[in-house]
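Same order as they appear, the protein sequences are chains A and B. Using the numbering used here, read the first sequence as starting at 1 and increasing by one per residue. Using the numbering used here, read the second sequence as starting at 290 and increasing by one per residue. Note that beta-carbon positions come from the ideal geometry of N, C-alpha and C, so glycine has one too. Since the structure is predicted, the reported quantities are computational estimates derived from the model, not experimental observations. Working notes, structure below.
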Amino acid sequence: MELFLQSIVNGLIQGGFFALFAVGLVLIFGVMGVVNFAHGELVMVGAYTIWLLHAQHGLAFIPAIAVAIILVTIIGLLMERFLFRPTRDDPLAGLICSIGVLFILQVVATLVGGEGPSKQVPPPFHGTLILFDYLRIPYQRIFSLVVSVAALSTLWYFLTRTKLGWALRAVALDREAAALQGININRISMIAIGVGAGLAGLAGALMAPLTNINPHMGHNVLITAFIVTIVGGIGSLSGAVLAAVLYALFHTFITVYFGGTVATICGLILMVVVLIIKPTGIMGVRVSE
Amino acid sequence: MNSTVKKIIGGIIILIALLALPHFLKFHHQDLLIFLTINVLVVTSYRIVTLTGEWSLIHAVMMGVGGYTATLLFKNYDLGMWFTLPLAGGVAAVVAALLSFPLFRMTQFYFLIGSFAAGEAIRLIWIQYIYPFGGTGGLSGIEPPIIGSIDFIEAIPYYYLALTVVFFCLFILYRIENSRIGLILHAVHWKAPLAESVGVDTWRYRALAFIVGSFFVGIAGALKVHYLGTITPNQYGVGFMVFILIWVIIGGYNKFYGPIIGVIVLTLFDESIRGFAEIRPAIYGVVLILSILFLPLGLESVPAKLKAWFGIGSGPSEPSLTDK
């Protein structure tokens with residue numbers, strides 16, 4: 001029972017991270033029609049920024065997070081302007097370009113951090129919250145969860161309550177119709193990838209003290225983001241958040257009882273099953289082509 | 290001289306060059322030549338999958354399926370390479386046939402992601418189940434055949450062996466593409482609804498292309514493992530799949546020989562930047578992006594572009610319909 005409750009808590013916190021980077025992938029795919037294979041690397045860059053600035057050079061944790069978000073957002077904006085915009089008519093070309101970015105970012109990370117063992121960042125928040133005598137939650141994880149929820153709520157507010165957010169959703173639904181309404185597609189694409197990349201940077205920054213940082217950490221991030229995106233329904237942000245939390249619980253429980261590799265295998269099989277039975281995902285939103 | 294004679298003479302020259310080539314190379318380059326020969330089969334078999342317009346991300350794993358099949362047959366049942374080659378292809382084809390039921394219910398983006406997921410799942414199974422797959426460390430001790438006094442563990446004999454097998458497979462793939470089936474595959478890509486309306490079962494032909502491609506890449510996997518002697522799950526991961534994509538796309542996927550040009554040119558390029566080991570992937574990334582932005586039809590389109598460029602540059606010659 002203790003293990004069960006502890007796993008639920010860990011799963012929920014994990015779900016926060018999953019949601020942050022999966023939502024970014026959904027935004028970029030929804031608005032621009034590009035599968036961003038470098039999304040995991042954006043998370044990796046966020047984590048590296050924390051390692052470099054906070055762990056190596058002693059910058060405080062919160063400002064370091066801000067730098068990570070800004071840096072990754074800039075990388076995202078450059079990708080939009082110089083890669084995705086010229087190849088907009090050909091989704092495959094955008095995908096291949098993002099694979100090119102993936103290679104470049106991995107090498108940059110290797111050059112900055114050097115080869116060798118994975119980097120660790122000592123948690124800036126010490127101590128553990130103990131509930132009901134046996135439930136142990138480190139403050140570091142509570143901080144991550146709070147920030148994740150706050151970021152996702154802000155995004156939700158932006159998309160549903162502001163004019164710009166409506167414009168963004170309009171472009172995701174039907175690009176041409178949106179353009180005919182006078183919505184500037186280039187500007188909306190910049191905003192979508194800016195927000196998506198910024199969230200990836202935030203996810204990387206928050207994960208940094210809780211995970212092993214290495215140039216290839218983006219691989220598992222990408223697989224997780226794919227699973228969450230597909231299960232939640234491509235193009236559905238609320239679906240992605242719900243799927244992130246459910247998949248995190250699913251993954252945590254299988255990891256506890258059968259190990260991490262089996263958990264990922266089960267996740268991938270789950271994804272294929274969802275693709276077969278209900279390709280629109282659990283929220284059932286259709287994306288226009 | 291008519292074009293058939295020209296083609297035959299050209300073919301003979303290429304053949305002689307390919308047969309003579311390893312004798313002028315250092316040992317390290319002979320190794321490379323063998324892997325290049327095998328990779329030619331990998332990209333050509335991938336092309337047949339992409340003919341229907343579906344870009345799968347499972348091709349590298351299918352090569353691994355062939356490799357593991359050959360390894361397990363060799364180690365557990367003592368079967369020689371003459372049996373493991375076709376059986377590796379066969380098992381890869383059967384796996385592809387089974388996967389085609391779920392995978393080809395999807396198209397485009399969904400198929401891309403679905404095939405990626407299925408491939409990763411297979412690869413993780415190799416990692417998870419140490420018996421019989423050997424886990425992350427993989428398996429080793431696979432040997433090439435010995436016929437009489439020829440030991441194929443040597444690079445040059447094995448190169449000739451691989452060259453023969455690859456040539457044979459390329460010939461079959463070429464015939465398939467230029468047969469009625471090949472035409473239907475093109476039709477499924479460009480005009481799927483029209484093809485369906487005249488009675489073509491597009492699902493069946495998508496699956497067929499996938500199964501045929503997997504069969505031949507399975508053979509490539511067996512060829513590789515018998516020379517290399519070891520197999521690990523990471524050899525057939527996303528990294529290798531990305532290289533297959535790069536070779537095919539940079540070479541150009543509209544013509545049969547496009548991917549072959551891509552793999553040859555990029556292997557030479559790769560060798561020339563060997564000194565920059567650490568930043569090599571980044572150089573690849575830059576080349577990949579530049580070629581997508583500036584050469585979207587691939588290297589295969591360069592001669593036509595040059596011709597057009599010189600045609601304009603050489604004076605006021607108007608392009609006419611009779612120009613060949």
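For residue i, which residues does DSSP report across the bridge?
i        : result
Lys119/A : Ile213/A
Asp440/B : Ile435/B
Ile520/B : Leu428/B
Could you please give the first and the last residue of the uninterrupted beta strand (DSSP E) stretch that includes residue i?
i        : result
Pro138/A : Leu135 to Pro138
Which word fits residue i, buried or exposed, when buried means at least 16 other C-beta atoms lie within 10 angstroms of its C-beta?
i        : result
Trp344/B : buried
Met1/A   : exposed
Arg412/B : buried
Trp479/B : exposed
Gly604/B : Confidence is the limiting factor: at Gly604/B the pLDDT is only 42, short of 50, which leaves the residue's position unreliable and the question unanswerable from this model.
Asn214/A : buried
Ser468/B : exposed
Arg136/A : exposed
Ile230/A : buried
Asn184/A : exposed
Glu589/B : buried
Asn365/B : exposed
Lys296/B : exposed
Val43/A  : buried
Thr491/B : buried
Ala93/A  : buried
Tyr418/B : exposed
Ile128/A : It is Thr, not Ile, that sits at residue 128/A in the sequence shown. With fewer than 16 other Cβ atoms within 10 Å, it is exposed.
Lys614/B : Residue 614/B lies beyond the stretch modelled for chain B, which goes from 290 to 613, so this question has no answer here.
Pro311/B : buried
Pro117/A : exposed
Glu289/A : Its pLDDT being 35, under 50, Glu289/A is placed unreliably by the model, and nothing is read from it.
Pro209/A : buried
Thr154/A : exposed
Thr611/B : With a pLDDT of 35 at Thr611/B, under the threshold of 50, the predicted position of this residue should be treated as unreliable, though the coordinate-derived value follows. The residue in question, Thr611/B, is exposed, as its Cβ has fewer than 16 Cβ neighbours within 10 Å.
Val487/B : exposed
Starting from the C-beta of residue i, find all residues in its chain whose C-beta is less than 7 Å away, skip the five residues before and the five after it, and write them out in chain order.
i        : result
Leu474/B : Leu340, Thr341, Tyr494 and Ala498
Pro421/B : Leu361
Ile323/B : Ala444, Tyr447, Tyr448, Ala451 and Tyr516
Val149/A : Gly16
Phe363/B : Thr373 and Ile431
Thr49/A  : Ala64, Val67, Ala68, Leu71 and Ala205
Ser609/B : At Ser609/B the pLDDT is 36, less than 50, meaning the model places this residue with poor confidence and gives no usable figure here.
Ile435/B : Phe441
Ile254/A : Val262, Ala263 and Cys266
By Cβ distance, which residues of its chain are closer than 8 Å to residue i, with the 5 residues on each side in sequence left out?
i        : result
Lys613/B : Confidence at Lys613/B is low in this model, with a pLDDT of 31, below 50, so its placement is unreliable and the value that follows should be read with caution. Hits under 8 Å: none found.
Ser292/B : none
Met271/A : Phe226, Ile227, Ile230 and Val231
Ile562/B : Arg569 and Ile572
Which residue marks the beginning of the alpha helix (DSSP H) containing residue i, and which one marks its end?
i        : result
Ile130/A : It is not in any alpha helix (DSSP H) - Ile130/A instead sits in the beta strand (DSSP E) that spans Thr128 to Leu131.
Gly356/B : His348 to Tyr366
Ala178/A : Arg175 to Leu180
Met32/A  : Glu2 to Met32
Val43/A  : His39 to Ile50
Ala208/A : That residue, Ala208/A, is in no alpha helix (DSSP H); it is neither H nor E in DSSP.
Gly564/B : Premise fails: Gly564/B is in no alpha helix (DSSP H) and is neither H nor E.
His318/B : Phe316 to Thr339
Val294/B : Ser292 to Ala309
Trp344/B : First-last for Trp344/B: undefined, no H or E at that position.
Asn220/A : Gly218 to Gly232
Ala60/A  : Unbroken run through Ala60/A: none, as it is neither H nor E.
Mind checking whether the beta-carbon of residue i lies closer than 7 Å to any heavy atom of the ligand HEM?
i        : result
Ile183/A : With respect to the ligand HEM, the structure offers nothing, as it holds no ligand at all.
Excluding the 5 residues flanking residue i on each side, which residues of the same chain have their C-beta closer than 6 Å to its C-beta?
i        : result
Glu364/A : Look at the range of chain A in this structure, 1 to 289, and you will see that residue 364/A is not part of it.
Ala172/A : Gly30 and Val31
Ile99/A  : Phe37
Ala244/A : Gly15, Phe18, Ala19, Ala22 and Val228
Glu432/B : none
Gly165/A : Phe158 and Leu159
Pro123/A : Gln140 and Pro209
Thr556/B : Leu325
- Any alpha helix (DSSP H) of 4 or more consecutive residues that is wholly inside the region 399-479 of chain B: As far as the region 399-479 of chain B is concerned, its whole alpha helix (DSSP H) runs of at least 4 residues are 419-422, 444-466 and 469-479.
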